[in-house]
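S.K.:
Residue numbers (the working numbering): 247 to 756.
This is the structure we're talking about:
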């Protein structure tokens with residue numbers, strides 16, 4: 247995994263679930279959220295019945311035994327959509343994991359029915375063991391009360407579930423050998439969970455919550471996404487009666503919904519109240535109306551606007567201010583979206599990692615312009631380098647007419663969805679990081695920036711050394727790069743001796 251992809255994953259992971267409200271200068275609808283406020287309007291939890299011991303269910307569902315009861319159903323929903331189907335959409339096929347889990351639930355319900363209202367499976371006689379053995383997928387060999395009494399497989403599918411779920415089959419077998427009663431507690435477990443409203447689904451009659459989640463990956467993903475929202479935001483959506491029409495946006499809501507905040511009846515938007523009119527124009531609904539604003543946000547442009555909103559929400563208010571200026575907000579988004587956009591909720595990974603890194607790490611000049619390592623002229627040439635990506639080539643053709651740093655920022659936004667680790671965006675972020683650690687009078691000169699960008703695809707993994715040693719001058723950096731160019735591709739892991747010799751050579755040039 248490249249440095250940039252790793253940074254994006256870590257940053258996104260660390261920011262999950264944060265509901266950030268701007269606090270500077272009263273720019274947001276609400277400056278803070280107390281724990282008591284978070285409970286206001288929270289939906290009442292319902293008890294979901296899980297047949298049999300919770301321990302066995304967690305094992306079959308791939309959930310840790312250490313989770314709290316409140317985490318069971320959300321994690322179940324997550325595993326269903328993430329691990330339960332091959333392929334996406336209605337044509338997805340259940341995986342072996344989901345097939346086994348469904349079979350276990352059915353078997354556990356049969357055992358719970360056998361246990362009766364007391365929740366205890368009791369076998370007093372040899373003949374009385376037949377119904378239990380049939381459910382478990384086994385049969386007896388020899389009569390009870392004999393030393394050679396044993397159990398053998400009658401139904402391989404059921405027998406596998408019996409063993410895998412942890413049913414005490416050896417104890418049952420020993421009881422039959424000794425001719426004594428077998429007793430096993432098999433009570434129905436109950437765990438709290440937010441209620442799954444029947445109108446979210448296409449079912450005409452109410453069915454068990456467990457069955458609803460196990461049988462519908464889209465609903466499971468939608469439920470998982472809602473559980474990651476804070477209580478006040480979720481309450482506002484429930485009260486607006488918009489959840490049913492948001493189910494098709496389950497994937498987008500899962501990827502980009504964790505920063506969505508409603509405070510005092512208004513959506514907290516990046517840039518605060520000063521940016522609210524611009525967001526109103528961009529989304530087509532006012533942040534003062536969460537029931538209209540949020541569904542439109544997630545539906546627009548196949549979820550790309552939601553990704554844009556989420557990325558800006560994840561950065562500090564001081565950084566948001568630069569991007570949410572009325573003239574910049576729409577233009578920056580239009581460049582990010584492009585003309586030929588696809589579904590932002592498709593696939594396994596988020597589509598916006600490049601944009602997230604750009605908005606979170608971009609440096610600014612005192613006059614409000616984005617920082618440009620070297621100068622604008624050198625970045626025109628960098629964008630015009632040969633590439634296999636059409637969108638970068640298109641940006642390179644337009645680069646000849648750049649006359650201010652804002653156009654570079656727009657181009658970086660436009661290429662942020664390109665699936666590469668060595669493009670102009672990655673070069674820009676790395677060189678900005680290197681240059682930002684250097685003193686103002688010791689910035690990289692344009693020639694060094696061009697050299698670093700030109701060799702980025704070969705040596706980008708080694709560029710961190712320039713951040714570690716910000717006092718290296720341009721000549722030392724050039725010596726490093728020219729001296730590190732072997733006749734074959736450079737492999738730091740297998741050629742560490744060459745790496746350290748080159749590094750020593752560049753340091754000696756100081």
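C-beta atoms are modelled at their ideal positions from N, C-alpha and C, and glycine is treated no differently.
These figures come from a predicted structure and were not determined experimentally.
1. Can you give me the Cβ contacts of residue 365 inside the same chain, cut-off strictly under 8 Å, excluding the 5 residues immediately before and after it?
2. I'd like the ranges of any alpha helix (DSSP H) spanning at least 4 consecutive residues and lying wholly in the region 556-627.
3. Helix or strand or just coil, what does DSSP make of residue 550?
4. How would you label residue 554, buried or exposed, when you count the other beta carbons within 10 angstroms and need 16 or more for buried?
5. Are there three or more Cβ pairs, one per stretch, closer than 8 Å when the region 402-409 is compared with the region 377-389?
6. Go ahead and pull the three-state DSSP assignment for residue 332.
7. Would you mind reading off the limits of the alpha helix (DSSP H) that contains residue 348?
8. If you measure between the beta carbons of residue 557 and residue 602, is that distance less than 8 Å?
9. Do the region 477-489 and the region 502-511 meet, that is, are 3 or more Cβ pairs less than 8 Å apart?
10. Start and end of the alpha helix (DSSP H) containing residue 527?
11. Measuring straight from C-alpha to C-alpha, what distance separates residue 539 and residue 616?
12. Rounded to whole angstroms, what is the Cα-Cα separation between residue 275 and residue 525?
13. How far does the beta strand (DSSP E) with residue 665 in it reach, from first residue to last?
14. Assuming residue 227 contacts residue 456 under a Cβ cut-off of 8 Å, what Cβ separation, rounded to an integer in Å, is found between them?
15. Buried or exposed for residue 409, please, with buried defined as at least 16 other CB atoms from any protein chain shown within 10 angstroms of its CB.
16. Taking 7 Å as the limit between beta carbons, can you name the residues of its chain near residue 578, skipping five residues before and five after?
17. Please state the DSSP three-state secondary structure of residue 386.
18. Going by the DSSP bridge assignment, what does residue 439 pair with across the sheet?
19. Counting along the chain, where does the alpha helix (DSSP H) carrying residue 481 start and finish?
20. Excluding the 5 residues preceding and the 5 following residue 720 in the sequence, name in chain order all residues of the same chain whose CB lies nearer than 8 Å to its CB.
21. Comparing alpha-carbon positions, which option in 605, 726, 319 lies nearest residue 459?
22. Are the CB atoms of residue 548 and residue 582 within a distance shorter than 8 Å?
23. Quick test of your reading: residue 344 and residue 330, contact by CB under 8 Å. State the CB separation rounded to the nearest angstrom.
M.R.: From the atom records:
1. Closer than 8 Å at the Cβ level, and outside the excluded window around residue 365, lie 358, 431, 432, 433, 434.
2. Counting whole runs of 4 or more residues, the region 556-627 contains the alpha helix (DSSP H) stretches 563-569, 572-583, 599-607.
3. Three-state DSSP puts residue 550 in a helix.
4. Taking a 10 Å sphere around the C-beta of residue 554, we find 16 or more other C-beta atoms and assign the residue as buried.
5. A contact exists between the region 402-409 and the region 377-389.
6. In the displayed model, residue 332 falls within a strand according to three-state DSSP.
7. 342-361 is the span of the alpha helix (DSSP H), which, as asked, contains residue 348.
8. Yes, Cβ-Cβ distance for residue 557 and residue 602 is below 8 Å.
9. Counting Cβ pairs under 8 Å, three or more are found: they touch.
10. Element bounds for residue 527: 522-529.
11. About 30 Å.
12. With a pLDDT of 36 at residue 275, under the threshold of 50, the modelled position of that residue is not reliable, and no figure is offered here.
13. Going by DSSP, residue 665 is part of no beta strand (DSSP E) at all; its letter is neither H nor E.
14. One cannot answer for residue 227 here, as it falls past the ends of the chain, which runs 247 to 756.
15. It is exposed - the Cβ of residue 409 has fewer than 16 other Cβ atoms within 10 Å.
16. So the qualifying residues of the chain are 569, 656, 659.
17. The DSSP-derived three-state label of residue 386 is strand.
18. Looking at the DSSP output, residue 439 bridges to 292.
19. It spans 477-486 - the alpha helix (DSSP H) in which residue 481 sits, taken as one unbroken run.
20. If the five residues before and after residue 720 are omitted, its C-beta is found closer than 8 Å to the C-beta atoms of 690, 691, 693, 694, all from its own chain and listed in chain order.
21. With distances taken between Cα atoms, residue 459 lies closest to 319.
22. Cβ atoms of residue 582 and residue 548: not closer than 8 Å.
23. Right, their Cβ atoms sit about 4 Å apart.
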